[in-house]
């Protein structure tokens, strides 16, 4: 009876967690790509240039892992080919646990990206989550040959095939457009200056020893009466709410002047071109038409992390008639998962985000700033 309970819990816990984790990342494969690049860059520094060769294929590697996560989660729920499924699960968990431990112990990557931007975990939280998950995967692995498939083999093959195909379709769509659900601080409706401020001021809980009663007490205020109370310790009770959602947004001009505040003033149409060496030119004609149609009707800025000479050459070659400014590459990739991408801000509030494949027309932009 106890074994049956553990079997069922392991099956549903592991399956549901893998599906949930995979779907969160399938919503934003570009975010997973960015995280994979970060890991490969760290490994290149620590273990040699071998890992450098994986960086150009970060999107493909991350995408395969996302689809595999979802397919494995579904396979576990149906006890589908458990001998093979649990072996792959165990191999993945050993890999993930190594990554999270390495990140936590050496403080290399501060967010593993396990649940994308939806749920942020510290490296140690990610590591202990993997350890707990590993316990139940090891249980499934140990008893893998005793499980019977819920569905006949043909039906199981069809289910896994459909899940895999649907995951690939949704993932490709998210890459070619934007995430279905935007969990980032730059999503439509957010006011960026507000996101740069902490939600609350720090609050503390003090622990004192009441000398008369010999008991510990807690207080939101520091008790100055040292004749009755002895101070023991203090802890912050709202640490998560005292960290701003955005801490690294900044924009500077070609001359090095800080123009961050200017991006929050009035109507701003931002053309995000994170890296000109990787920019897609497929829809540049649509973007150029949008710029021409809005000339004199709205303030437009191009934001890039590329060097001045690189961007000047790109701008002249493609006739992008918009003044350009500099921002951090990671910030630009966070603002929008498209290179180039378009973002409309009105007094610092995000009114619209567009992938270059969905470049809006001038009428749509003007409607949003009325």
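In the UniProt record's numbering, the protein residues as written are 1 to 370. For glycine and all other residues, C-beta sits at the position ideal for the given N, C-alpha and C. Small disclaimer: the values here were computed from a predicted structure and weren't measured.
Of the residues the options, the one placed nearest residue i, counting alpha carbons only
i, options, result
"residue 365", "269, 277 and 324", "269"
"residue 45", "108, 76, 233 and 328", "108"
"residue 201", "237, 223 and 52", "237"
"residue 218", "205, 305, 230 and 27", "205"
"residue 368", "358, 344 and 149", "344"
"residue 102", "173, 43 and 267", "43"
"residue 247", "104, 331 and 188", "331"
"residue 317", "333, 335 and 285", "285"
"residue 7", "306, 52 and 145", "145"
"residue 196", "78, 302, 95 and 241", "241"
"residue 279", "57, 261 and 311", "311"
"residue 359", "134, 282 and 276", "282"
"residue 300", "362, 57, 338 and 357", "362"
"residue 3", "147, 78, 232 and 175", "147"
"residue 57", "133, 79, 34 and 69", "34"
"residue 350", "313, 222, 191 and 250", "191"
"residue 96", "71, 79, 126 and 77", "126"
"residue 235", "225, 220 and 226", "220"
"residue 171", "23, 5 and 336", "23"
"residue 346", "335, 267, 302 and 337", "267"
"residue 143", "156, 82 and 134", "82"
"residue 357", "90, 69 and 173", "173"
"residue 93", "53, 69 and 134", "134"
"residue 132", "119, 156, 228 and 90", "90"
Beta-carbon proximity check, residue i vs residue j, cutoff 8 Å
i, j, result
"residue 121", "residue 353", "no"
"residue 287", "residue 340", "yes"
"residue 264", "residue 342", "no"
"residue 40", "residue 55", "yes"
"residue 36", "residue 73", "no"
"residue 274", "residue 333", "yes"
"residue 372", "residue 198", "Since the displayed the chain opens at 1 and closes at 370, residue 372 lies outside it and no answer follows."
"residue 291", "residue 321", "yes"
"residue 305", "residue 328", "yes"
"residue 325", "residue 277", "no"
"residue 99", "residue 14", "no"
"residue 160", "residue 80", "yes"
"residue 163", "residue 16", "no"
Counterpart residues of residue i in DSSP-defined beta bridges
i, result
"residue 345", "268 and 350"
"residue 217", "208"
"residue 226", "According to DSSP, residue 226 bridges with nothing at all."
"residue 235", "205"
"residue 303", "272 and 325"
"residue 191", "349"
"residue 252", "258 and 326"
"residue 177", "Per DSSP, none; premise fails for residue 177."
"residue 355", "341"
Per-residue burial, residue i [other beta carbons within 10 Å of its own, 16 or more giving buried]
i, result
"residue 355", "buried"
"residue 9", "exposed"
"residue 67", "buried"
"residue 1", "exposed"
"residue 11", "buried"
"residue 123", "buried"
"residue 50", "exposed"
"residue 158", "exposed"
"residue 295", "exposed"
"residue 136", "buried"
"residue 106", "exposed"
"residue 129", "buried"
"residue 60", "exposed"
"residue 314", "buried"
"residue 76", "buried"
"residue 21", "buried"
"residue 239", "exposed"
"residue 337", "buried"
"residue 224", "exposed"
"residue 232", "exposed"
"residue 216", "exposed"
request  = For the stretch 255-272 and the stretch 206-217, state whether three or more C-beta atom pairs, one from each stretch, are separated by less than 8 Å.
outcome  = no
message = Contact between the stretch 11-30 and the stretch 176-196 is defined here as three or more beta-carbon pairs at a separation below 8 Å; is this criterion met?
response = yes
Contact between the stretch 86-106 and the stretch 151-159 (3+ Cβ pairs under 8 Å) = no
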